[in-house]
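Just so you know, we're using this note's numbering here: the sequence shown kicks off at 2 and counts up by one. Just so you know, even glycine gets a beta-carbon here, dropped at the ideal spot from N, CA and C. From a predicted model like this one, the values you see are computed outputs, not experimental measurements.
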Amino acid sequence: FHLLYLIENISIPTMTMFIITLKIALSGAAFTLFSQRVLKQSGFFSVFFSLCYAFNSFTITLHFNIIWLDAYFMLPLVILLLYDLLEHGRFLLFTLAWVYLFLTNFYMSYIVGIFTALVFLCLLILRTDHWDKTVLWKNLQKCFLFGWSVFLAVLISAFILLPAGAFLLSHMAKDNFAFSALDTSLPTLLNSMFMGAMPDLDNRQPLLYSGLPVLLLFPFYYFQKTFSLKERLTAGVLTVFYLLSMLVLPLFIFMHAFDYPNWYSFRFSFCLSFLFCTLALRISSVLNAIRFKSLAVWYCFLILLYSIMLGLSPLLMVSWNQGNTRYEFAINLLFLTLWMTLFFLFVSVYHKKHRLHALLPGAALLLLIAEVVTNSCLCMDRIGMIPITRSEYTLWHDAEKTAIDKLQSEDPGLYRISMNGESNGNAPCMFGYAGLNTFSSSDDYALRCLLSSLGIATTNRAILEIGYTPLTYMLTGTKYSVQLPADTDDLEKKADISCLPYSLPFAFLVSPSIDRYAPSDDPFANQEQLIQCMTERSYHFYDRMELTDLSLSSYNAELTMTGAYHLFSQKTDLGSSGYLVFSSPIIEDHPFYACFTKDSATANENSSYVIGDSNGLHETMHMSYGAIVKGSRYLGDEENGYENVSVYLQDGINDDCCGAMYFARFDPQNLSAVYQDLNSGSLEVTQHSSSMLRGTISVTQARPILLTTIPFDEGWHAYVDGSPAEIRPALGQAFLSIPLSTGEHEILLKYEAPYSKCGAIITICGLLLFIGSAMISPYLSGNRKKPQKVL
């Protein structure tokens, strides 16, 4: 589906909406097919509960993560093919389904795999009435087919799985998020099944809403004697296991593949939604067997339960965006009442072929559409991120793409671009420019630590385009600065492109002293130390300033020292935020910089804002980024004016702290000299691609180390004058370097993902085994046609 993006003349937002719609529609269609083939239900309720599955809170919340939606529509198909494997021994399509899951997103395939394995065990138990050698042998055969199918899928997908797994293992951060205690409770689980309960980013509330009709019906399945006790107990055990996985930390860790989930957690909840929708569909086939009195009691219990949660919400719902207000109570009460009325009509009228029966399916569908739309609107009011409007998206996307296309057409060389005013922290992978900022489940820990020591904004698993100075721009090969338009009303305004006067190439010669770089907490001192290690010469760039050298003004805020930390706090709770402003007189060509260093490795998005000159993401920098910020100019009534850096305490934050505070003025006097010094030993690039860099260089005895600003990775291989050469990690394994001998050399750098060749060989073996399995599958499944007797 993502290949549809290659169609020209269709905007990314339009195509994204189309692909999301396509995948959600396919999810409903897959559930319908599952209900027809497996549950043998093909009536109105089959379509109805398919829509409930397609529009549950997982798709409402994570619709933007379109590669995860593949697992959503694949889950019903995988369970359908599992039934086919159990019934007829056919496993080839089951294998191909797993290949598709592994290739689209191996993380979600892990989640689907756990659910499928549990369903497989449940079905084996259900289908075994007694145990003897024959039954045991048949069950072992089915287990073998199940395991063989998944094993074949892993082999066939090895060309992606093996390199990806090696990459993830090599990019596990030392300060990765630790799994903290879960804040979920039974009330939050129940609350998440109602309308308007938006899952948050803090592991408190899962994604369980699948429609109020599902909530009204599925519990009756466990008590309906129409179904066997073994079946109900098996489904109950599966339900309890998934609910416990949302309450018990070890199970929660296991369900997330032992890796802390960024943003929305409970990513396995769609499996439980699938189970709930399946059970609701099962009970709908015997709807007239449910006593309306029991349904009314359950309806009253749900209303009472929500009322209790409404009263307890200040204690249970720490986050503001989880629902439980009087407004939501009224909406849930209204829709529950309407569904109760409809179910009563279905029981008393629909199955009796009353003349009004033809109107009930249409009424139910209209009510479901109204509920889904209402729930989506309630959730969008509380969404855990600020959505970008279409005009804003068009503004920054078109301006950015036009600017980059223009640069690459006029200057096809190798360089980095500073995207000031960027609205997307993951833009480098979208537009292909050579940025250093990242956002990923993997983490380049060494690179993040190095850039953080230089005052560039980083947090766990993310490096942002914030905190650069003229010196760090020069060292990282940033040649162009693109300032995007900030006025969303002026869509015709183009990006402002400027060429930075000093930009080193991606590789240049440095002194062996580069190994002695030992950063402190002061990013300004670290930058000067790094230059000294590279050149073995002392260059001065920053004039240090103390707090007493600055003018400090504030509103409802004060600054105090608490041990090794600086504490910013509001004086009184006036219902508005407080702020402090650090000011210094403007000195031309000597910009004022400030840095409030981190007190932890992880950025807190609820920390105070640090406001200075516009640089980087549109969103204002947080204090917890620990990044350098340039002062913004304020002329005021003074002739010379001031440069200000402000710390703004957000609403609801009474205090905030940082480590040390550093202030300095940048002196550009030596910038040209350092540039000439390092550029004289630069690599002259003659050819480059996304996985290759070729160039020539003249090496001196004083500078025998070729330092590249390419992040170090095991997949890089170096060739000097055609012969393999050693690659060394530099600056704490952040960048790769090559030790060279004196003289002229031709350098070739090539990247090959680790284990990619091994993965390709395994894939070929897997395909051969799959072909062989396809040839003998009639024998394994017992479906081989017997030859007819000749009379």
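Taking the Cα positions, Leu-213 is about 38 Å away from Arg-462. For Met-693, the uninterrupted beta strand (DSSP E) run begins and ends at 693–700, by DSSP. Here the segment 279–289 lies against the segment 224–241, with 3 or more beta-carbon pairs under 8 Å apart. A check of alpha carbon separations from Arg-538 across Phe-664, Leu-505 and Tyr-676 identifies Tyr-676 as the nearest. Judged by DSSP secondary structure, His-567 falls within the beta strand (DSSP E) whose first and last residues are 566–571. Contact annotation: the segment 38–56 touches the segment 77–93, with at least three C-beta pairs closer than 8 Å.
For Trp-717, the enclosing beta strand (DSSP E) starts and ends at 717–721. For the segment 3–29, there is no continuous alpha helix (DSSP H) assignment of 4+ residues that stays within its boundaries. By the beta-carbon neighbour count (other beta carbons within 10 angstroms, threshold 16), Cys-450 is buried. Of Phe-255, Ser-266, Ser-270 and Ala-258, the smallest CA-CA separation from Thr-240 is found for Ser-270. The segment 535–551 makes no contact with the segment 712–724: fewer than 3 CB pairs, one atom from each, lie closer than 8 Å. Under the three-state reduction of DSSP output, Pro-486 falls in the coil class, being neither helix nor strand. Annotated three-state conformation of Glu-747 is strand, per DSSP. Selection Asn-680, Trp-397 and Ile-728 evaluated against Gly-422 yields Trp-397 as nearest (Cα-Cα). Straight-line measurement puts the Cα of Leu-311 at about 8 Å from the Cα of Phe-330. The distance from the Cβ of Ser-757 to that of Phe-92 is about 28 Å, inconsistent with a contact at the 8 Å cut-off.
Here Ser-584 is not near Leu-650, since their CB atoms are 9 Å or more apart.
CA-CA distance, Tyr-481 to Ile-467, rounds to 15 Å.
If you compare the alpha carbons of Pro-506, Ile-254, Trp-299 and Ser-211 with that of Leu-280, the shortest gap goes to Ser-211. Straight-line measurement puts the Cα of Leu-97 at about 50 Å from the Cα of Asp-516. It is roughly 30 Å from the alpha-carbon of Phe-178 to the alpha-carbon of Ser-738. DSSP places Tyr-111 in the uninterrupted alpha helix (DSSP H) bounded by 107–127.
Judged by their CB atoms, Leu-156 and Leu-770 are nearer to each other than the 9 Å cut-off. For Asp-260, the three-state secondary structure derived from DSSP is coil.
Cys-500 is bridged by DSSP to Tyr-481.
Between Leu-190 and Leu-244, the CB-CB gap stays under 9 Å. Here the segment 674–690 does not lie against the segment 716–735, with fewer than 3 beta-carbon pairs under 8 Å apart. Rounded to whole angstroms, the gap between the alpha carbons of Ser-441 and Leu-296 is 47 Å.
Between Cys-380 and Gly-627, the CB-CB gap reaches or exceeds 9 Å. No Cβ-Cβ contact shorter than 9 Å links Leu-337 with Leu-187.
Around Gln-688, the same chain offers Arg-695 as residues with beta carbons nearer than 7 Å, after the five sequence neighbours per side are excluded.
Between Pro-164 and Pro-755, the gap from beta carbon to beta carbon is short of 9 Å. Sorting Arg-634, Phe-46 and Tyr-580 by C-alpha distance to the C-alpha of Cys-278 places Phe-46 at the top. When DSSP reads this structure, Gln-688 sits in a beta bridge with Arg-695. DSSP places Ile-418 in the strand class (E or B) of the three-state scheme. The beta carbons of Leu-183 and Leu-273 sit about 16 Å from each other, so the pair does not count as a contact at 8 Å.
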